[in-house]
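Below: one structure, written as C-alpha cells.
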Amino acid sequence: MKSKALSAPYIVWMCIFIIVPLFLVAYFAFTDKTGAFTLENIIQVGQYSDVFLRSIWMGALATLFSLVLGYPLAYIISRSSLRHQSVLIMLVMLPMWMNFLLRTYAWMTLLEDNGMINNFLAAIGLPRLHMINTAGAVVFGMVYDYLPFMILPLYTVLMKIDRSVIEAAQDLGANSRKVFLKVTVPMSMPGIISGITMVFVPAVSTFIISKMLGGGSNLLIGDLIDMQFLGNAYNPYLGSAISLVLMVLILICMGIMNQFDEDGSAEGGMMP
Amino acid sequence: MGDNSIIRLENITVSFDGEQVLKNLNLSIRDGEFVTLLGPSGCGKTTTLRIIGGFVKPDAGDVFFNGKKINDLPPHKREVNTIFQKYALFPHLNVYDNVAFGMRVHKKSEKQVKETVREMLAMVNLSGFANRNVNSLSGGQQQRVAIARALANDPKVLLLDEPLGALDLKLRKDMQVELKKIQKATGITFIFVTHDQEEALSMSDTVVVMDSGEIQQIGTPEDIYNEPANAFVADFIGESNILDGVMLEDYLCSFAGKKFRCVDAGFQKNENVDVVIRPEDIDVVEADSTHLTGVVTNVTFKGVHFEIIVDVEDFKWMIQSTDYQPVGAKIGLLIQPEDIHIMKKSVYSGTFGDYSTFSDEMEEDVAKEEEAEREDEV
Amino acid sequence: MKKVISRIYMAIIFVFLYAPIVILVLFSFNDSDTKSRAVWSGFSLRWYQKLFSNGELLNALRNTLIIAVVAAIAATVLGTVAAIGINSMKKWPKRFVMSVGNLPMVNPEIVTGISLLLLFVFGARLLHVELGIFSVILAHITFCLPYVILSVMPKLRQMDNSLFEAAQDLGCTPIHSFFKVVFPEILPGIITGAVMAFTLSIDDFVISYFTSGTTQTLPVYIYSMTRKRVSPEINALSTLLFGTILVLLLVINFSKKRSNDVKEKEEAR
Chain A
10 MKSKALSAPY IVWMCIFIIV PLFLVAYFAF TDKTGAFTLE NIIQVGQYSD VFLRSIWMGA
70 LATLFSLVLG YPLAYIISRS SLRHQSVLIM LVMLPMWMNF LLRTYAWMTL LEDNGMINNF
130 LAAIGLPRLH MINTAGAVVF GMVYDYLPFM ILPLYTVLMK IDRSVIEAAQ DLGANSRKVF
190 LKVTVPMSMP GIISGITMVF VPAVSTFIIS KMLGGGSNLL IGDLIDMQFL GNAYNPYLGS
250 AISLVLMVLI LICMGIMNQF DEDGSAEGGM MP
Chain B
17 MGDNSIIRLE NITVSFDGEQ VLKNLNLSIR DGEFVTLLGP SGCGKTTTLR IIGGFVKPDA
77 GDVFFNGKKI NDLPPHKREV NTIFQKYALF PHLNVYDNVA FGMRVHKKSE KQVKETVREM
137 LAMVNLSGFA NRNVNSLSGG QQQRVAIARA LANDPKVLLL DEPLGALDLK LRKDMQVELK
197 KIQKATGITF IFVTHDQEEA LSMSDTVVVM DSGEIQQIGT PEDIYNEPAN AFVADFIGES
257 NILDGVMLED YLCSFAGKKF RCVDAGFQKN ENVDVVIRPE DIDVVEADST HLTGVVTNVT
317 FKGVHFEIIV DVEDFKWMIQ STDYQPVGAK IGLLIQPEDI HIMKKSVYSG TFGDYSTFSD
377 EMEEDVAKEE EAEREDEV
Chain C
50 MKKVISRIYM AIIFVFLYAP IVILVLFSFN DSDTKSRAVW SGFSLRWYQK LFSNGELLNA
110 LRNTLIIAVV AAIAATVLGT VAAIGINSMK KWPKRFVMSV GNLPMVNPEI VTGISLLLLF
170 VFGARLLHVE LGIFSVILAH ITFCLPYVIL SVMPKLRQMD NSLFEAAQDL GCTPIHSFFK
230 VVFPEILPGI ITGAVMAFTL SIDDFVISYF TSGTTQTLPV YIYSMTRKRV SPEINALSTL
290 LFGTILVLLL VINFSKKRSN DVKEKEEAR
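Residue numbers (my numbering), protein chains in the order written: chain A, 10 to 281; chain B, 17 to 394; chain C, 50 to 318.
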C-alpha cells in the first residue's frame, strides 16, 4: 500500500499538540518573566527536594503494596476455570469505570475521625483511630485507586504461562515453592514491570489523592505543580521546571525498570 | 511379573468428565527396555504416561516403581523425567540454565552442574549452544535441549510424549536413530508414546498397542507385525487384508470360498476366525482354477512397488508387487501357508481389511462429516 | 485448604475494591442532613430530586457528553487513518512516530495537562484558542489518539497484505478495495479504539482540569464539590453513574455472549 502519506495529518497534529507543548515546558523552565535564559527555576526546584523525596517514597510504597496485594490475586484468577476468569477480571475492572474522584471521596467518608470505620470501632468498644489526613491514608488511597492497573498486566502474563512448563519444572524435581520462585515469577517478569510502571507513574504524580486524603500536610509533586499553574503560588516558570524534573525522573525510573526486562517484552498487558 | 520390572501398573482406571479413558489397565515394564505405547489419538497412551509421571491420579489401581507403590508421590519426587510434546522449555532461561534446572533444584554443586551440562549438550550435539536463547533454536534443537534437560537429572525412566510429532520427516528419522543411540548408551528405560506405527516398530524392544483405553497387544515389533492379536492391531500396524474365515481343523482353514493349508493350530473345529494376509505376501500368478482369481480395479505407483487393488468376488484385496498389472487384467493370487495369519474373532472383526475405499484420508473426512452431523443433531 | 485460603483472600481484596462503592450507593438513599455523612437516618430519594434540579451539574454533564462524542469521533477517524499510514512506514521512522505519539500515554497526566495549558494560554495568540470546551476537545483528541492507534495497529498487522492486492486484482479501485476489504478486517480494532476514547474522555479529570478554564466537565464539577464537602448529592450522582455503567456492561456482555453463541452454532455446521 502506498499510504505513508496518510500519516501526515497525524504527524502535524503530533507536532502541534505533543512536541510544541513539551518544548514550551522546557522553554518556560529555562526562562524568566522577561523571556531571558535563566537556570534560576531549576535551581529553585532544589528547595522542594523534600516534596520530591516524599512523592517518590509514597509512590514506591504504594507500588510495592499493590504488587504484594495484586500478585496473589492475579495468580489465583489465572488458575481458576476459564469461565470464572472472565467474570473475576470483570470484577477487578468494574471499579475503574467509576470516576476515581468519587471513589476516593468515598474513602473520606470511611476514614474520617467521625467516619464509618471509627463509628464501628467505637460501637464495639475499641479506641478511635486517626486515619484521615495522614501519610498512611494517602498511600492507602493510591493503592486503592491503582491496584487494578497492577492486577491486569500480571494476570495477562500469568494466564499465558503454558501448563506444560510448570509440569516440566515439577518433573525435574521442583516442589511447588520452587516452581513458583524459579519459573512462575521469572516468567511473569514482563507483567511485573508493566504493572510497576502503570502504578508508579500515576502514583508519583498524583495531586488529588493527597489533597483529599492527606489534608494539607502531605504535599506531593503534583500538588506543587498544580499550585504553580492554577493555585495561589502562580508561577508557571517554576511549575514548568518542576514538571521537567518530574518527567526526567520518571524516564530514568522507567529506564532502570526496563533493564530488568532483557527481552524488552514489557508490552505484556498494557492494553486491556 | 518378573522381579526386574521397574514400572508396574495394576488395574488402572481413569475417567475424565465421566468418560473412561483407561479401563483396568495392567502393564509391566522391565528395566532398560525401550517400550513404545502405540495407538490412535484418544486411545489413552498419553494418559498412561502421565500416570507414570505423576501428573494424573488414577481413579482406581496402583502404580509401582521398583516394587514400591508410588500412587501418592508427587511428580517432583519421582525418579522419572518427561520429554513433553511441545518440549516445554523455560523461555526465560538460556540453553545452559534449562539443562541445569533439575540439578540446581536438587542443590548439586555448580562445578558438578557445569560438568554434567557440558556432557549432556555434547551427547545431543549442541556443545556450542550453551548461551543461546531457547526461543532462537529450531524445533529439532529445542527437542534436543529437552532431552538433555531430562537426562541431566539422571532419571531411572524417561517418558517421551510424542516427542517427534512436530518435526519434519527427515529430521524425525535422524532423531529416531539419535534417541535409540542415547537409550543404548545410557541404559535408561524409555517409555515412548507415538501414533506412528513405523516409528514404533523401528525403535522399540517392546510395543504396547492400545485402543479405547485398553491394551490390545504387547510384544516385540516382529510379533506385533507377524502375529497380530486381533483385527485392530492387524489394521493399525501396516496394511492388511482381513477376511472372515473358518478353521476347519488344525493347519487347514477356508476363506474366500477356498480351502488353504496354514500353520496355525489349537482352534476348535469349524471355529469362525479372522484371517490376515499382508499385501506384500501375495504373489501374482496366472489366473487358473487352482488359485483365487480376480480383476485388477486400480493400480498406484508407490516408488518401491505398485499397490494393486484386486476385486475377488466383491472383496477388494490389496497386493503390493514390483510387477505392474494393467487395470482390467484377470490375475491369480498365490498365498503361502506361512503367510496366512489366523486370529480369534474380536469386537473389531468386520471393521477393517477391505480396500473398497483405499484412501485413508477420504475415510477420515467421511468420519469427521458423520461426527459433525451427529453433533448437529444434539 | 489451599482453595479455602485463596477464596478468602479473593473475598478480602474484593471487599477492599467495592467497600467505598457500596457505601456511596447506600448513602445516596440516606435521609439525613448534610452534617454527618456517616449516620444512617432512613430511606429517601431527596438527593436524587436535588440532583436533577441542579442546573450547574446538568450543564457539566452536557459538556462532558459533547466533549466525549466529538473527541472520540475525531480521534477515531484521525487515528485510524494515521495507523494505516504508520503501518506502511519503514521500521525506524515507524518506531520514532510511535514513541513520540505514545508520549501522552507514558507521561504523567499532569505533565500533559500543564503542557497543553501552556500551549493554549501562551500559544493562544497564534492559535486563537481560548480555554473552554474547544480546548478541552483538542486536548482529549490528543490523549485519545495513541489508544486508537494501538488498537487498530494489531489488526492491520494481522491482516494479510495480499487481501488488498487481491481486491484490486479482481477489479476494485484502491479506495473501493479499502472499504470493501481492509475496513471490515480492521473494524473490530476501530470499534475498540472508539469505545476506549469515549470512556477515557468521559472519565478524564486531570487534563480537563488544566485545559477547561471556566467551563466545567462532570469530573471537574465533582472535584469542586468534594472540596466544598457538600455531600449526599455526590452519592446520588455516583450511584446513577455506576448504575449506568453496570447496565451498559451487562448489555454488552450479554450481546457478546449471544453473538458468540450464534457464531459457535454456525461454525458447527
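Even glycine gets a Cβ: it sits at the ideal position worked out from N, Cα and C.
Beta bridge counterpart(s) of GLN336/B as assigned by DSSP:
GLN336/B pairs with GLU323/B.
Excluding the 5 residues flanking ILE217/A on each side, which residues of the same chain have their C-beta closer than 6 Å to its C-beta?
Hits under 6 Å: none found.
Residues in the same chain with beta-carbon distance under 6 Å from ILE170/A, minus the five sequence neighbours each way, listed in chain order, please.
MET196
Who are the Cβ neighbours of ILE20/A in its own chain at under 7 Å, not counting the five residues just before and after it?
So no residue of the chain qualifies.
Find out if the Cβ-Cβ distance for the pair THR260/C, LEU180/C is shorter than 8 Å.
yes
Excluding sequence positions up to five away, which residues of its chain have a Cβ less than 8 Å from the Cβ of LYS85/B?
Excluding residues within five positions, the ones whose Cβ falls inside 8 Å are ASP78 and VAL79.
Rounded to whole angstroms, how far is the Cβ of ALA272/B from the Cβ of ILE258/B, which I believe are closer than 8 Å?
The beta carbons of ALA272/B and ILE258/B sit about 12 Å from each other, so the pair does not count as a contact at 8 Å.
So, under 8 Å CB-CB, ASP75/B and THR29/B are touching, yes? Tell me the CB distance rounded to an integer number of Å.
5 Å
With a cut-off of 8 Å, does the C-beta of MET208/C fall near any C-beta of chain A?
It does not: the Cβ of MET208/C has no partner Cβ on chain A nearer than 8 Å.
Considering only residues of the same chain and omitting the five flanking positions on each side of GLU95/B, which have a CB-CB separation below 8 Å?
The residues are PHE81, PRO171, LYS172 and VAL173.
Could you work out which residues of chain A lie near THR98/B, taking near to mean beta carbons separated by less than 8 Å?
GLU176, ALA177 and ASP180
Taking Cβ-Cβ distances below 9 Å as the criterion, which residues of the region 181 to 208 of chain B are in contact with chain A?
none
Express the C-alpha separation of VAL51/B and ALA146/B in angstroms, rounding to a whole number.
31 Å
Taking a cut of 9 Å between CB atoms, which residues from the region 207 to 226 of chain A lie near chain C?
VAL210, PRO211, VAL213, SER214, THR215, PHE216, ILE217, LYS220 and MET221
Give the single residue among ASP260/B, GLN284/B and ARG165/B whose Cα lies nearest to the Cα of TYR267/B.
It is GLN284/B.
Checking contacts by CB at 8 Å: is LEU233/A closer than that to chain C?
no
Which first and last residues belong to the alpha helix (DSSP H) in which LYS367/B is found?
Sequence inspection shows Thr at residue 367/B; the Lys mentioned does not correspond to that position. Neither: THR367/B is in no alpha helix (DSSP H) and is coded neither H nor E.
Nearest-angstrom Cα separation, counted from LEU236/C out to LEU205/C
10 Å
What are the start and end residues of each continuous alpha helix (DSSP H) run of 4 or more residues lying completely inside the region 96 to 131 of chain B, in chain order?
111 to 121
Look at the alpha carbon of LEU76/A and the alpha carbon of VAL115/B, and state the distance between them as a whole number of angstroms.
31 Å
Please report how far the alpha carbon of GLU243/B lies from the alpha carbon of HIS357/B, in whole angstroms.
7 Å
Starting from ARG277/B, follow its DSSP beta bridges and name the residues at the other end.
LEU268/B
Per the DSSP calculation, PHE92/C is bridged to which residue(s)?
ASN79/C
Can you look up VAL315/B in the DSSP assignment and give me helix, strand or coil?
Strand.
Let me check understanding here. Comparing Cα to Cα, which of TYR246/A, ALA242/A, LEU120/A and ILE201/A lies closest to ASN142/A?
The candidate whose alpha carbon is nearest that of ASN142/A is LEU120/A.
Can you find a CB in chain A that lies within less than 8 Å of the CB of GLY262/C?
no
So for GLN352/B, helix, strand or coil by DSSP?
For GLN352/B, the secondary structure class from DSSP, reduced to helix, strand or coil, is coil.
Where in the region 201 to 231 of chain B do unbroken runs of the alpha helix (DSSP H), each at least 4 residues long, occur, reported from the N-terminal end onward?
213 to 219
Is the shortest distance between the beta-carbon of PRO162/A and the beta-carbons of chain C less than 8 Å?
no
Who does HIS357/B pair with in a DSSP beta bridge?
VAL292/B
Distance cutoff 8 Å, beta carbons only. Does GLY150/A sit that close to anything in chain C?
No, its Cβ sits nowhere closer than 8 Å to a Cβ of chain C.
Using a cut-off of 8 Å between C-beta atoms, extract the partners of ALA104/B located in chain A.
Within 8 Å Cβ-Cβ: ASP171, SER173, VAL174, GLU176 and ALA177.
Can the beta-carbon of GLY79/A be found less than 8 Å from the beta-carbon of VAL213/A?
no
Straight-line gap, LEU298/C to SER77/C (C-alpha atoms, nearest Å)
Here the alpha carbons of SER77/C and LEU298/C stand approximately 22 Å from one another.
Taking all protein chains shown into account, decide if LEU65/B is buried (16 or more other Cβ within 10 angstroms of its Cβ) or exposed.
buried
Who are the near neighbours of ALA146/A in its chain, counting only those whose CB is closer than 7 Å to its CB and skipping five residues on each side?
LEU120, MET140, LEU222 and GLY223
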